[in-house]
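**Q** Residues 1 to 305, numbered by the working numbering, are exactly what the sequence shown covers, in order.
Below you will find the structure I want to go over with you.
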Amino acid sequence: MTHQEIRQRFLDFFKQRGHIIVPSSSLLPDDPSVLFTTAGMQQFKPYYTGQADAMKDFGSLNTASIQKSMRTSDIDEVGDDSHLTFFEMLGNFSFGGYWKKETIEYAYEFLTKELKLKIDYVSIFKGENDIPADEESEKIWKKIVPDIKVKKLGRSDNFWGPTGNEGPCGPTSEIFVNGAEVWNLVFNQYYCDKDGKLELLKTSGIDTGMGLDRLATVVQNKKNIFETDLLEPILKLAPLELEEKVKRVIVDHSRAIAFLISDGVQPSNKEQGYVLRRLMRRVITHNFIAKADLTLTHDKSLRKP
Ligand code: SER
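Here it is as structure tokens:
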């Protein structure tokens, strides 16, 4: 199945289940406390808190999207089998329309029936400090798959958000396929204020996110994201003589650079422009250093006396 088919199947699946498909927002969010759009839920933040009305704006309490996302926190991991700076995130969202049962059932059905994948195990929030364990999700999973393996983890693994200084957040259930985390189901029950204090939201919401490259890796039965039909064609363009890791960095960063520029970012010495400049510099230096190393190793005539 190609990545275009995966995208289309995802959108069709949620459309058939009453979701309105909303286009991706820009990589540059309205929220001044963050540099980039890092998750699908960001454009929907006001709908979780009641500041905006999903019925009025979308004609439905449920939406789905494929969101352009940019994360620089893992930039040093890029080049391994699964990390990227730019990626597309498939997500379904609900602002009071449905809750954990439907979310888990949809995810299970989409992965196992539509994509014919086998789930290794799932994780749920085990409870920490004053936040209770998510026993409800465990029961729902076990009702669907009685012998499913459920890992129970704490706040650093199974609690998501907020993005920026404040916002909706909550316990998560993550789904693992072929050893990789493919889908993060977030149950937005709380609002986290600027001081980190949690309060229950008036209406609980759903926010899920699944990276397209990782999903394509398991659907296409590849060993890593760079073997998928999303990235392999770009990898093939990299100079053959470069080391695999260097090629991967160049591929990831070049794609991120193209999307940042197409959303209006220009190289500069601050904020988003600085990140763009840094990515460009990394592509150029990786390419240059790798080539210089090779030159020194292979072409003796170019070595200094
Ligand atoms: N917001 C969550 C994430 O980015 C789920 O969409 O993982």
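Even for Gly, the Cβ is constructed at its ideal location relative to N, Cα and C.
1. Let me check you understand the geometry: is the CB of N92 closer than 7 Å to at least one non-hydrogen atom of the ligand SER?
2. How about T163 and A39: are their beta carbons less than 8 Å apart?
3. By the 10 Å Cβ neighbour count, where 16 or more other Cβ atoms means buried, how is K304 classified, buried or exposed?
4. In this structure, what does DSSP give as the bridge partners for I124?
5. Is G170 near the ligand SER, going by C-beta to nearest heavy atom under 7 Å?
6. With distances taken from CA atoms, which of E105, L212, S156 and E232 is nearest I250?
7. Can you list, in chain order, every residue whose CB sits closer than 7 Å to a heavy atom of the ligand SER?
8. Excluding sequence positions up to five away, which residues of its chain have a Cβ less than 8 Å from the Cβ of K300?
9. Rounded to the nearest angstrom, how far is the Cβ of S173 from that of Q189, given a contact under 8 Å?
10. What residues in its chain sit with their C-beta under 6 Å from that of F110, if we drop five residues either side in the sequence?
11. If you scan the segment 175–235 from start to end, which runs of the beta strand (DSSP E) of 3 or more residues do you find wholly inside it?
12. Sorted by chain position, which residues of the same chain lie with C-beta nearer than 6 Å to F58's C-beta, five sequence neighbours on each side aside?
13. On a Cα-Cα basis, can you pick out the residue from S268, E102, N221 and M280 that is closest to M1?
14. Tell me which residues share the same chain as P306 and place their Cβ nearer than 6 Å to its Cβ, disregarding the 5 neighbours each side in the sequence.
15. Should E271 go down as buried or exposed, given a rule of 16 or more other Cβ atoms within 10 Å for buried?
16. Contact defined as beta carbons within less than 8 Å: I believe D120 pairs with F176. What is the distance between those atoms, to the nearest angstrom?
17. Tell me whether F55 sits in a helix, a strand or coil according to DSSP, three-state version.
18. Would you mind stating whether Y191 and T49 have Cβ atoms separated by less than 8 Å?
19. Compare the C-alpha of I257 against each of S60, S69, R7 and D30 and name the closest.
20. Between the C-alpha atoms of R7 and H83, what's the straight-line distance to the nearest angstrom?
21. Taking the alpha-carbon positions, what's the P32 to R9 distance?
22. Flag this pair as yes or no: are the beta carbons of L90 and L212 separated by less than 8 Å?
23. Look at the alpha carbon of N158 and the alpha carbon of I124, and state the distance between them as a whole number of angstroms.
24. In angstroms with no decimal places, state the Cα-to-Cα distance between S73 and P132.
25. Quick one: complete beta strand (DSSP E) runs, 3+ long, within the segment 86–150?
26. With DSSP as the reference, please indicate the residues paired to P162 in a beta bridge.
27. Given A216, which residues of its chain have a CB within under 8 Å of its CB, disregarding the five upstream and five downstream residues?
28. Of the choices R255, E241, E138 and A107, whose alpha-carbon is the least far from that of F93?
29. Which same chain residues, not among the five before or five after Q43, have their C-beta less than 6 Å away from its C-beta?
30. Could you tell me if D130 is buried or exposed, where buried requires 16 or more neighbouring beta carbons within 10 angstroms of its beta carbon?
31. So, F95 versus L117, is the Cβ gap smaller than 8 Å?
32. Give the straight-line distance between the Cα atoms of S268 and V182, rounded to the nearest whole angstrom.
**A** On the basis of the supplied data:
1. Not one heavy atom of the ligand SER lies closer than 7 Å to the C-beta of N92.
2. Yes, the pair counts as a contact, with Cβ atoms nearer than the cut-off.
3. Because K304 carries a pLDDT of 36, less than 50, the predicted location of this residue cannot be relied on, and the following value inherits that uncertainty. Exposed is the call here.
4. K152
5. no
6. For I250, the nearest C-alpha among the options comes from E232.
7. T38, A39, G40, M41, M89, G91, W160, G161, N184, V186, D207, T208 and G209
8. Annotation note: pLDDT 45 at K300 (below 50); position unreliable, coordinate value reported separately. There are no such residues.
9. Not confirmed; about 13 Å, so no contact.
10. F13
11. 180–192 and 198–211
12. I20
13. N221
14. Examination of residue 306 is not possible in this model, given that the chain is present from 1 through 305 alone.
15. Under this definition E271 is an exposed residue.
16. 5 Å
17. Looking at the sequence itself, residue 55 is Met, so the reference to Phe does not match. Here DSSP, grouped into helix, strand and coil, assigns M55 to helix.
18. yes
19. S69
20. About 20 Å.
21. Roughly 34 Å between the two C-alpha positions.
22. yes
23. N158 and I124: Cα-Cα distance of roughly 6 Å.
24. 29 Å
25. Taking only runs of at least 3 residues, the beta strand (DSSP E) segments lying wholly in the segment 86–150 are 86–94 and 121–125.
26. DSSP, once it has assigned bridges, lists no residue as partnering P162.
27. In its chain, beyond the 5 residues on either side, H3, I6, K222, I225, T228, D229 and L230 have a beta carbon closer than 8 Å to the beta carbon of A216.
28. A107
29. Answer for Q43: S25, listed in chain order.
30. Of the other Cβ atoms in all chains shown, fewer than 16 fall within 10 Å of the Cβ of D130; this residue is therefore exposed.
31. no
32. Distance from the CA atom of S268 to the CA atom of V182, rounded to whole angstroms, is 35 Å.
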